[in-house]
């Protein structure tokens, strides 16, 4: 796979002294988790077709923290939605652990999102009627029917509490989203994304709506997840200081991969 | 699991949706109240209609009637004896009644249906005796005037009647007649005032009215026409043949000065009346005879109360000449049957019709349902139409739910996006909103059920309140002859109403739920 990887990104301009030609040595032997080739996507606005992605190739290896950066409208969020199977590409292929996922039937994609891919968003996207704990439990509630859930609920609640503890919110279990700060809501969202123990965490500008301090807190959690728990992370951001913390940074411009850089 | 949780949370947090199901609640409550009242009315009507009508009636329209009733009854017994509980023969003919109004002193003439009954067996085929006013007559009618005590246990404000009234009345009439014959030098003041409070309340008003009326009129001698030879008849100690009159023939229901419902009687037990009816001659001639009112009959069915008069069967047979000259057997005009509990009315009727074919005998054989068919059908139709109309109201409420749900789906667009991004299938999203509709419908109709049942339970109290507040009588007992609004709660109807309302709520939530399920997750997530 590593040869394909070289081919995919033929020209990688050196950004600065800290960048290097390839991934950190610890990731060089990791298997590929997610791979997209020649992905295109366009939206229709009335009669006009607006191309968003014009053939994007991307590759993510296990344990990697990859940042996707680009100006507004460069298609980075659209790419993330395609990777999360929330949307279908017009052409191109996406593989998750060597299985093609872009053309899966809806039911299979639902299962994929529910059990294998965790997502966090800029606007947290918690359900306002539910408490922090219930929000975290949501993925297993979706996965399990009433009987099955009720039989295992103590196990699930224990894990949800552990995750909230991990993000430092063990004192906020019964609070509703509107009673929490932005940083706290994002931490709940992170805990929720980890509930199903996913292989892959997709983050769409998780700090974009937060102040500096809260954003740094979130980043430290994400970094910890990546380094201490080996969670594979793909993060869309426009903040270069955040992108600098990633193992690999993919820069999108006008619907194409403009450059790829690696940090040590 | 998430479906239940979210439906429940939406139910708890969206008060606007709860407001939208108030219409369902009211619709369900109204349907239950209306159905209970209609059921109460129609049951009461059935009881009253059936109470006086026996189960099956064989009627001859021939003036001479149905000859040899005993032979007929034996035949019927042979035919369907195992299903018959009681049987009686009777005569039913149109007649005219005359009596003197004891309020105004005027003569009153009314058309009636004169029924000659055999008092021993007639009580067996209908609830006739239950409706009589005198407690002894309710046990066994004997067509004899009682001393007093009419209405005891039934109408406790009933005025003095019976012999107590007749004696005083006879004395007063004698005095009045004497006064008239002496003619000269008599002041109006010498004519004794009527000794009775002539309405059923000893109010001053009624009395004053009566006395005034009598002062102006010249008292005559009732029931003694000029060409008849004067009978040696002492009304103070003797009575004519007894007659039981429907109470409305000689009373009206109205209100006194305080607005209390009150019956005004033109004649009372103890008074004499004259009844005229056709005999069996060819062509028929009118015959008349005097009768003494021995009791009133109050079934609270105005149709019967205002037209039925009962006299002894043999008396009518004699007066009309319904006797076969050769054999001396007296004929009747109807035979009435009461069937055993659970017997099939129509089957017995059909059997009798086969035995007495109309071409040969000319008898009309009907069940009580046949006779009151149009009335029962009208009540049934009324109930059906009301139900349809009220269900349309709930259907309108359904559109309210539809609109509210569309709003909620729009409001919850982002939640739908979140759920889909977490892997919730479209069907799951749809069932959240269907479940929401179901729970709204259940809550709405459940509350409606409770409200409706409470309303039905306290309907008469509520009617009283409404009367106090609006000053308008909700349920006028002078019209309906019921003192209370009759209600019957039918559990099956309640279940259907509730299920129907829930179904409408669920159906109304299908479209919004489909819309939610079809939302594109990416667009839903972007929705602000």
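Residue numbers (our numbering), protein chains in the order written: chain A, 1 to 264; chain B, 1 to 528. Cβ atoms here follow ideal geometry from the backbone N, Cα and C, with glycine treated the same way.
Counting only Cβ-Cβ distances below 7 Å, residue 149 of chain A has contacts in chain B at 1, in chain order.
Between residue 136 of chain B and residue 146 of chain B, the CB-CB gap stays under 8 Å. B:45 is the residue among B:17, B:45, B:23 and B:29 whose C-alpha sits nearest the C-alpha of residue 302 of chain B.
Taking the C-beta atoms as reference points, residue 261 of chain B is found nearer than 8 Å to residue 253 of chain B. With contacts defined as CB atoms closer than 8 Å, residue 231 of chain A and residue 201 of chain A qualify as a contacting pair.
At a Cβ-Cβ threshold of 8 Å, residue 372 of chain B and residue 49 of chain B count as neighbours. Rounded to whole angstroms, the Cβ separation of residue 205 of chain A and residue 237 of chain A is 6 Å, and the two are in contact under 8 Å. The alpha carbon of residue 356 of chain B has as its nearest neighbour, out of B:111, B:233 and B:73, the alpha carbon of B:73. The C-alpha of residue 245 of chain A lies about 48 Å from the C-alpha of residue 404 of chain B. Contact check between the region 58 to 72 of chain B and the region 351 to 367 of chain B: three or more CB pairs, one atom from each, fall below 8 Å, which counts as touching. An exposed status is given to residue 50 of chain A, since fewer than 16 other beta-carbon atoms sit within 10 Å of its beta-carbon. Within the region 7 to 18 of chain B, the residues whose Cβ lies closer than 7 Å to some Cβ of chain A are 9, 10 and 13, listed in chain order.
In the structure shown, residue 49 of chain A adopts extended strand secondary structure according to DSSP, grouped into three states. Under a criterion of Cβ atoms nearer than 8 Å, the residues of chain A adjacent to residue 424 of chain B are, in order, 110, 114 and 142. Of all residues in the region 192 to 208 of chain A, none has a C-beta nearer than 7 Å to a C-beta of chain B. Between residue 129 of chain A and chain B, the shortest Cβ-Cβ separation is below 8 Å. Contacts with chain B at 8 Å (Cβ-Cβ) include residue 146 of chain A. According to DSSP, residue pairing for residue 365 of chain B in a beta bridge involves B:58. DSSP, read as helix, strand or coil, puts residue 372 of chain B in coil. Annotation for residue 87 of chain B: the continuous beta strand (DSSP E) segment containing it runs 84 to 100. With a cutoff of 8 Å on beta-carbon distance, residue 90 of chain B and residue 294 of chain B are scored as not near each other.
Residues of chain A with a Cβ closer than 7 Å to the Cβ of residue 522 of chain B are, in chain order, 81, 86 and 87. Taking the Cα of residue 30 of chain A as reference, the smallest distance to any Cα among A:41, A:61 and A:43 is reached at A:61. Close to chain A, meaning a Cβ-Cβ distance shorter than 8 Å, are the following residues of the region 409 to 443 of chain B: 414, 415, 417, 418, 419, 420, 421, 422, 423, 424, 425, 426 and 428. Just so you know, the alpha carbons of residue 76 of chain A and residue 523 of chain B end up roughly 16 Å apart. DSSP places residue 93 of chain A within a strand segment (E or B) once states are collapsed to three.
Residue environment: residue 368 of chain B is assigned as buried (16 or more neighbouring CB atoms within 10 Å of its CB, all protein chains considered).
When the alpha-carbon of residue 176 of chain B is set against those of B:111, B:239 and B:105, the nearest one is in B:105.
Residue 119 of chain A: member of the beta strand (DSSP E) spanning 117 to 120, first to last residue. Using beta-carbon distances, residue 219 of chain A does not count as an interface residue toward chain B, since no partner is under 8 Å. Between the region 260 to 274 of chain B and the region 311 to 319 of chain B, the count of Cβ pairs shorter than 8 Å is below three; the stretches do not touch.
In this structure, the alpha-carbon of residue 92 of chain A lies about 53 Å from that of residue 394 of chain B. A straight-line Cα-Cα distance of about 7 Å links residue 456 of chain B and residue 36 of chain B.
By alpha-carbon distance to residue 185 of chain A, the top candidate from A:207, A:239 and A:72 is A:207. By the Cβ rule, the region 2 to 19 of chain B does not count as touching the region 382 to 392 of chain B, because fewer than three pairs are nearer than 8 Å.
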